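Novice: Residue numbers (this note's numbering): 115 to 595. Mind looking over this structure? Questions follow.
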């Protein structure tokens, strides 16, 4: 008996000899193919043009049998490698069919070789026929089994994926059904009655207007409340306490209200005198200037006639007139305006309109102790080029026929002084057809005193009052040059 390794060597030698035999037969077939090349080309062309004959079918069947026989032999050789040695020894027996091929089987091989050579020639299209070589299946590599956590995680992911796919599918179905329903509704909906559509539009507009009306009512209520509080504050600042009024003004019981005709006459006369003062050439104009104020003044006995004017770069507005008005009618503003050197008390005796009032004023000098009393008409009006705020005295000893106080001796509480003062705000004239920004303030008037010493005091005081008015009403203007 031969050993296993000797059997393997014998078997390999047999295979090599078989391969050599096949290779030699192929070489012989190549030499024979050159002679039959023309015949095979004609045969192939004729075969493509006509249906295959029985001879052609027999030839193809023989070729397939030869290829099958070779594949079976190769398969057996591969199986022998994987079989046990004992099985190899028992299965191996000398077989002459594996070593020698009959001449009847070589002829189809030669024909096959020639056919392949012709098919590979340029210009000739061929189609692969016959059975493909047998390929053994490769064994898949076995993976180790998954652990329990990984297996649970994989199952959870699989279930989640299936659930998401199911939800997405249902959502697509719902979307398609909704689109179909909307399309049907749009197609099948009947036209709306135009009266109904108009009614709906009017209802919406009525709702909007009601809301807007509610907001307007709230704004009006807020506006009315604000003006009511402002008027109460305004009246409180103008009205002095009764006990204080009786102490400061003991003769208020004899006050007789001024009629409207007399009030209008005083206002008209005051306006004409202001125009005459502004256009008068009797003032002594000097070159003195203090903080931008240019002065024109004239001392005639115990009367002081003065006029100051100054240009401001700000725009003239109603604010300046309102603030100048407050400095003569409101107690706290009067105190700020005259300063601490004079103790001034005011009382509103009569009010015609918001722009016309009658005021009683008592002014006491803190150093000398003298007292000046004045009852004056305070009014403000708008002109073509600005505003005017004016004070016109109505003292009974200076105005004939005007019985303001009766049975009153002026020496009981000091002197009665005249007070004719105004602030005139006017826009600057045009230069070369262009309006100049800013306005001009004219502060003028005529004051009367009992002695020339008092007149000299008022000459100094009016200039201080002009500067104080600018500081309180206009405010300081700081400019960099």
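Note that CB positions come from ideal geometry on N, CA and C, so glycine has one too. None of the values given here were measured: they were computed from a predicted structure.
Under 8 Å, do residue 435 and residue 503 count as touching if we go by C-beta distance?
Specialist: For the purposes of this step, residue 435 is taken as residue 321 along the chain shown, with counting starting at 1. For the purposes of this step, residue 503 is taken as residue 389 along the chain shown, with counting starting at 1. Yes. Within cutoff.
Novice: Can you tell me where the beta strand (DSSP E) holding residue 256 begins and where it ends?
Specialist: Here the question's residue 256 lines up with position 142 in the chain shown. Neither: residue 256 is in no beta strand (DSSP E) and is coded neither H nor E.
Novice: Just the Cα atoms here: how many angstroms apart are residue 223 and residue 259?
Specialist: Start at 1 with the first residue of the chain shown, and residue 223 comes out as number 109. Start at 1 with the first residue of the chain shown, and residue 259 comes out as number 145. Legend: pLDDT at residue 223 = 47, less than 50; position of this residue unreliable, value from coordinates given subsequently. Rounded to whole angstroms, residue 223 to residue 259 spans 51 Å at the Cα level.
Novice: For residue 405, report the span of its beta strand (DSSP E) as first-last.
Specialist: Counting from 1 along the chain shown, the entry for residue 405 is found at position 291. Careful: residue 405 lies outside any beta strand (DSSP E) and carries neither H nor E.
Novice: Quick check: the Cα distance between residue 557 and residue 485, rounded to an integer number of angstroms?
Specialist: Residue 557 sits at position 443 when you count from the first residue of the chain shown. Residue 485 sits at position 371 when you count from the first residue of the chain shown. Between residue 557 and residue 485, the alpha-carbon positions lie close to 24 Å from each other.
Novice: Please work out which residues of its chain come closer than 7 Å, Cβ to Cβ, to residue 450, disregarding the five sequence neighbours upstream and downstream, and give them in chain order.
Specialist: As a first step, residue 450 must be located in the chain shown, where it is residue number 336. Answer for residue 450: 586, listed in chain order.
Novice: May I have the straight-line CA-CA distance separating residue 438 from residue 383, to the nearest angstrom?
Specialist: Position 324 of the chain shown, counted from the first residue, corresponds to residue 438. Position 269 of the chain shown, counted from the first residue, corresponds to residue 383. Approximately 21 Å between the Cα atoms of the pair.
Novice: What span of residues does the beta strand (DSSP E) with residue 496 cover, start to end?
Specialist: For the purposes of this step, residue 496 is identified with residue 382 of the chain shown, where counting begins at 1. For residue 496, the uninterrupted beta strand (DSSP E) segment begins and ends at 485-496.
Novice: Return the CA-CA distance between residue 283 and residue 172, expressed in angstroms with no decimal places.
Specialist: On the chain shown, residue 283 is found 169 positions in, with the first residue counted as 1. On the chain shown, residue 172 is found 58 positions in, with the first residue counted as 1. Going by the C-alpha atoms only, they are around 58 Å apart.
Novice: Going by C-alpha distance, which of 340, 535 and 276 is nearest residue 491?
Specialist: Along the chain shown, one-based indexing puts residue 491 at 377. Nearest option by C-alpha distance: 535.
Novice: DSSP on residue 444, reduced to helix/strand/coil?
Specialist: Translated into the one-based positions of the chain shown, residue 444 becomes position 330. Coil.
Novice: When you compare only the Cα positions, how much space is there between residue 385 and residue 530?
Specialist: Taking the first residue of the chain shown as 1, we reach residue 385 at position 271. Taking the first residue of the chain shown as 1, we reach residue 530 at position 416. In a straight line, the C-alpha of residue 385 is about 23 Å away from that of residue 530.
Novice: For residue 462, which of helix, strand or coil comes out of DSSP?
Specialist: What you label residue 462 is simply residue 348 of the chain shown in a count that begins at 1. Strand.
Novice: Let me confirm a value: residue 388 is counted as buried when at least 16 other C-beta atoms fall within 10 Å, else exposed. Which label applies?
Specialist: Numbered from its first residue, the chain shown carries residue 388 at position 274. Buried, because 16 or more other Cβ atoms sit within 10 Å of the Cβ of residue 388.
Novice: Roughly how many whole angstroms lie between the Cα atoms of residue 444 and residue 337?
Specialist: Your numbering for residue 444 matches position 330 in the chain shown. Your numbering for residue 337 matches position 223 in the chain shown. Going from the Cα of residue 444 to the Cα of residue 337 covers about 23 Å.
Novice: Short of 7 Å in beta carbon distance, which residues of its chain neighbour residue 405, apart from the five on each side in sequence? Order them along the chain.
Specialist: Counted from its first residue, the chain shown places residue 405 at position 291. Excluding sequence neighbours, residue 405 sits near 581.
Novice: Report the rounded CA-to-CA distance for residue 319 versus residue 551, giving the unit in angstroms.
Specialist: Walking along the chain shown from the start, residue 319 turns up at place 205. Walking along the chain shown from the start, residue 551 turns up at place 437. Answer to the nearest angstrom: the Cα atoms are 47 Å apart.
Novice: Exposed or buried, residue 578, counting other C-beta atoms within 10 Å across all chains shown (16 or more means buried)?
Specialist: Here residue 578 refers to the residue found at position 464 of the chain shown. Exposed: under 16 other Cβ atoms inside 10 Å.
Novice: Which first and last residues belong to the alpha helix (DSSP H) in which residue 266 is found?
Specialist: In the chain shown, the residue the question calls residue 266 occupies position 152. Start and end: 262-302.
Novice: Give me the Cα-Cα distance between residue 596 and residue 279, rounded to the nearest whole angstrom.
Specialist: Outside the modelled stretch of the chain, which goes from 115 to 595, sits residue 596, for which no answer is possible.
Novice: Between residue 470 and residue 463, is the Cβ-Cβ spacing less than 8 Å?
Specialist: In the chain shown, counting from the first residue as 1, residue 470 sits at position 356. In the chain shown, counting from the first residue as 1, residue 463 sits at position 349. Cβ atoms of residue 470 and residue 463: not closer than 8 Å.
Novice: Thinking C-beta only, is residue 417 closer than 8 Å to residue 411?
Specialist: As a first step, residue 411 must be located in the chain shown, where it is residue number 297. As a first step, residue 417 must be located in the chain shown, where it is residue number 303. Cβ distance not < 8 Å, so residue 411 and residue 417 don't count as in contact.
Novice: To the nearest angstrom, how far is the alpha carbon of residue 488 from that of residue 392?
Specialist: Here residue 488 is taken as the residue at index 374 of the chain shown, counted from 1. Here residue 392 is taken as the residue at index 278 of the chain shown, counted from 1. The alpha-carbon atoms of residue 488 and residue 392 are separated by roughly 24 Å.
Novice: Can you tell me where the alpha helix (DSSP H) holding residue 390 begins and where it ends?
Specialist: Within the chain shown, residue 390 is the residue found at index 276, counting from 1. Counting along the chain, the alpha helix (DSSP H) containing residue 390 begins and ends at 374-393.
Novice: Any heavy atom of the ligand PLP closer than 7 Å to the beta-carbon of residue 554?
Specialist: As far as ligands go, the structure on display features none, and thus does not contain the ligand PLP.
Novice: Spell out the partners DSSP gives residue 546 in its beta bridges.
Specialist: As a first step, residue 546 must be located in the chain shown, where it is residue number 432. None; residue 546 has no bridge partner.
Novice: Is it buried or exposed for residue 290, if we count other Cβ within 10 angstroms and need 16 for buried?
Specialist: On the chain shown, residue 290 is found 176 positions in, with the first residue counted as 1. The residue is exposed, with fewer than 16 neighbouring Cβ atoms inside 10 Å.
Novice: Please name the residue or residues paired with residue 536 in a DSSP beta bridge.
Specialist: Locating residue 536 in the chain shown gives position 422, where the first residue counts as 1. Paired residues: 504 and 558.
Novice: In the DSSP assignment, find the unbroken beta strand (DSSP E) run with residue 474 in it and report its ends.
Specialist: In the chain shown, the residue the question calls residue 474 occupies position 360. Its beta strand (DSSP E) spans residues 470-479.
Novice: Just how far apart, CA to CA, sit residue 379 and residue 330?
Specialist: Here residue 379 is taken as the residue at index 265 of the chain shown, counted from 1. Here residue 330 is taken as the residue at index 216 of the chain shown, counted from 1. Rounded to the nearest angstrom, the two C-alpha atoms are 43 Å apart.
Novice: Here's the rule: buried if 16 or more other CB atoms are within 10 angstroms of the residue's CB, otherwise exposed. What is residue 175?
Specialist: As a first step, residue 175 must be located in the chain shown, where it is residue number 61. Around the Cβ of residue 175, a 10 Å sphere holds fewer than 16 other Cβ atoms; the residue is exposed.
Novice: Using the Cα positions of residue 422 and residue 461, report the straight-line distance between them to the nearest angstrom.
Specialist: For this step, residue 422 is matched to residue 308 along the chain shown. For this step, residue 461 is matched to residue 347 along the chain shown. Going by the C-alpha atoms only, they are around 28 Å apart.
Novice: Which residue or residues does DSSP assign as beta-bridge partners of residue 76?
Specialist: What is shown of the chain runs 115 to 595, which leaves residue 76 out entirely.
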